[in-house]
Structures are given as C-alpha cells and as structure tokens.
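Engineer: If you scroll down you'll find the structure; I have some questions about it.
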C-alpha cells in the first residue's frame, strides 16, 4: 500500500503496519530526533494518549522500521545466487536485489540511510548496515581477484562509488512512474559494469 | 585552511572567512534550521552579542557559503573546455571539474546538497543548482546524439545516476587521505565511462 494513501486517511482504527508507514514518512520529513510522539499522533489524527495504544514508544517504531529495511537487505545474501557461481554474477545478483529492496521498501531504506547514530537502536542498525556493506565489498574483491572486474581502481573506491550510485536512488526515484524498478536495475548494472561509452 | 584547524582555535579575532568556515561546519553537523546564532557564537567561542560584529545574520552566512559552492560550480561551465570540442570530452571535463570543486570546497558543497529549501536563500540556491544540473544534462544528451555515449539508457536516468555517484562523494571522501582528488576523479570517470568489467 503506498504510504500516500495511508497518510491521507488520517483516522483512527490503524493496525500496527499502517502506524509504522505513517511514522516512517514523518521521520523522513522531520528527522527522527525532531519527531515527538505528539507530532506522530497529529499525523495519525489520533490523540497523544491514544497513540500509546498502538505502540509503546517512538524507539519501537524506529526499531520495527529499520528491521523492515535491514531484514530485506540481509535476506538477499541468504539466497543461493548470492553465494554460488562466479563472483561477478553473484555481485550483479546482490546489486539488483539491493535496488529491488530499496525501491520496494523506499521510505524504510531512506530512513536507514539517513540515520545519524544518536541512539543504541540507530547504532545497532548502522552496525548491521556496515556488515551488509562489508559482504558486498568482499564480493567486489572476489570478482576482482577472479579477473572479471577491472583491477586499476581500489576496491574500496569501487565499493563507495557503487553504494553512492545505488543509495542516491532514494533521493529521486518515484515508484509508479515511467521508470520501472526492473528497468532501473538494468540501467544501473549496465552503467556500472559496462560504462556509458558507446561500444566501438 | 582545513575547517578542523579553525574550529579548534575557538577564540575571538576572526576574519569573516574563518567565521564562515566554522558556521558551515556547524550547519552541516546540526542542520541549518536547527542552528541558532547562540549555537554559532558558542562554537566560535565568542558571546552572542559579539557575533553580530562579524555577521549581520545566520542567513548572510548561509548566502556567503552557498555562493562559494555555486560560484565554483558555475565557473566550470565558463571555461573554454566546457563549450568547445566533442560533447563527450566536454562532459568529461565538466565532471572532473565538478569533482575537483566538490573536494576543494567539501563542506560548502555538502551544505548545498543537504538544503531543504525552507527559505528564499535556500530556494534561490536550489534554483541555481538545478540550472547547473540542466546544463550537464544537456551535455549528456549532446554526447548521446553525437554517438559517443550509449543510447540504451534514458538520458534523465544517466544524469540522475551520474550526479548520484558524484554527489555521494561528500558522504565518505576524506581530504588529505591516501586517495588524491585527481585519482578520485580518474576513478569516477573510468567507472562511469568504461565500467567495472575487465576488458576482454
């Protein structure tokens, strides 16, 4: 369900998932630190006391939201295509799936990428994000050693630039527009692996 | 002068440029909206009334800071290499220079890239940034029509992904480290134009 639809409803009678969608939207607009339970209640169209019926604290909402983003990313690495076969094919699989999760769970991944690390919940999430990034970096190194990726760029730079390209998608991608998630993934993979120069 | 050096000084006797460097650092850490003249004075180690001796308002500091970022970017497009020769060479020149400005004026460009557009000063800056982006997008289209850039990716997607890659540099690049600005520009250009796959 697109978050816009839910946000506009603005009535009581939510299940936890709807509360979560609205909360993530509010966190992304105001910043997590600047969002109070009062602001959340206002956006949900319920009283400040009624919000505690749905969720014990702001931190619980953050935890649930980050779990949705990180769980999606971590599940990618557990699929057989992520650990069997040639390293460049595994890397391509992981990058495509990362883009798919990012687009499918856009507000959740946006929240994850904007974390400052001010609380334990945020620090734990950043730790898990780093662990994911390290596994992708290991795949890049493996593809390099295998000889399928170019050797003249430091693998750390490659990792930074690849994640920079992919993570920046949250800043501009509009789900439901003319660019499908599948096509977006194709374009990113083509540009990253084959480059923009026309083949001779 | 690196902003760290200036920040640590924490004494009165600043010129406007030093005040500006510290202000930009504070804006980037706390967010422009959340930064009061009181917080700025505290970071400068001077009284709240003394700060007005250096600068009339927070908005003036923002304006000066954004001018430094935008002026650097806009000057790129006025150099002969940006408008003479083959479009792909012009594009490469502009992207290399953009990376150079970004690295050289890192905190200023970071501030520009994080703007929310809540005030007229911010909106004017975002307007100038969009004008710059449009001119680069036009170069991408020209290189595509010239036949030097691949035609199978929508030029709007190419523009978004290229800027995503380059702008993300502000999130991780550490000036003075082992990766020189020149080498960084080489790596970005190689990856963007030739891709990561090893040549057969």
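Protein chains in written order, with the UniProt record's numbering: chain F, 1 to 200; chain X, 1 to 200. Where is the CB? At the ideal position from N, CA and C, for every residue including glycine. Remember, predicted model here, so these are calculated numbers, not experimental data.
Does DSSP classify residue 196 of chain F as helix, strand or coil?
Structural biologist: Three-state DSSP puts residue 196 of chain F in coil, outside helix and strand.
Engineer: Within 10 angstroms of its Cβ, does residue 48 of chain X collect 16 or more other Cβ (buried), or is it exposed?
Structural biologist: The residue is exposed, with fewer than 16 neighbouring Cβ atoms inside 10 Å.
Engineer: Against chain F, with Cβ distances strictly below 8 Å, would residue 141 of chain X count as a contact?
Structural biologist: Not an interface residue.
Engineer: Below 8 Å on the Cβ atoms is my guess for residue 195 of chain X versus residue 27 of chain F; work out the distance and round it to an integer in Å.
Structural biologist: No, residue 195 of chain X and residue 27 of chain F are not in contact; Cβ-Cβ is about 36 Å, not under 8 Å.
Engineer: In whole angstroms, give me the CA-to-CA distance for residue 140 of chain X and residue 131 of chain X.
Structural biologist: Looking at the two C-alpha atoms, the distance is approximately 14 Å.
Engineer: Ordered along the chain, which non-local residues of its own chain (more than five positions away) have a Cβ less than 8 Å from that of residue 163 of chain F?
Structural biologist: 133 and 136, listed in sequence order.
Engineer: Helix, strand or coil for residue 21 of chain X? Go by DSSP, reduced to three states.
Structural biologist: DSSP places residue 21 of chain X in helix when its eight states are reduced to three.
Engineer: Can you tell me whether DSSP reads residue 179 of chain X as helix, strand or coil?
Structural biologist: Note: residue 179 of chain X maps to coil in three-state DSSP.
Engineer: For the alpha helix (DSSP H) holding residue 52 of chain X, just list the boundary residues, first then last.
Structural biologist: That run of the alpha helix (DSSP H) goes 51-54.
Engineer: Tell me, please, whether the CB atom of residue 4 of chain X is closer than 8 Å to any CB atom in chain F?
Structural biologist: Residue placement at residue 4 of chain X cannot be trusted, given a pLDDT of 42 that sits under 50; what the coordinates show is reported in the next sentence. Closer than 8 Å: no.
Engineer: Which class does residue 115 of chain F belong to by DSSP, given the choice of helix, strand or coil?
Structural biologist: Coil, per DSSP.
Engineer: The ligand COA heavy atoms versus the CB of residue 19 of chain X: any closer than 7 Å?
Structural biologist: Only the bare structure without any ligand can be found here, which leaves the ligand COA out of the picture.
Engineer: Using CA coordinates, which residue listed in X:105, X:145, X:165 and X:183 is at the minimum distance from residue 152 of chain F?
Structural biologist: Closest by alpha carbon: X:183.
Engineer: Does the count of Cβ pairs from the segment 82-95 of chain F and the segment 142-149 of chain F closer than 8 Å reach three?
Structural biologist: Yes, the segment 82-95 of chain F touches the segment 142-149 of chain F.
Engineer: Please classify residue 201 of chain F as buried or exposed, where buried requires at least 16 other C-beta atoms within 10 Å of its C-beta.
Structural biologist: Absent from the model: residue 201 of chain F. The displayed extent of chain F is 1 to 200, so no value can be given.
Engineer: CB-CB under 6 Å to residue 201 of chain X, same chain, minus the five flanking residues each way: which ones, in chain order?
Structural biologist: Residue 201 of chain X falls outside the range modelled here, since chain X spans only 1 to 200, and no answer is possible.
Engineer: Looking at chain X, which residues of the segment 155-174 of chain F have a Cβ within less than 9 Å of any of its Cβ atoms?
Structural biologist: Listed in sequence order: 156, 157, 158, 160, 161, 162, 163, 164, 165, 166, 167, 168, 169, 171, 172 and 173.
Engineer: DSSP three-state call for residue 190 of chain F: helix, strand or coil?
Structural biologist: It is helical.
Engineer: Measuring straight from C-alpha to C-alpha, what distance separates residue 175 of chain F and residue 168 of chain F?
Structural biologist: Going by the C-alpha atoms only, they are around 14 Å apart.
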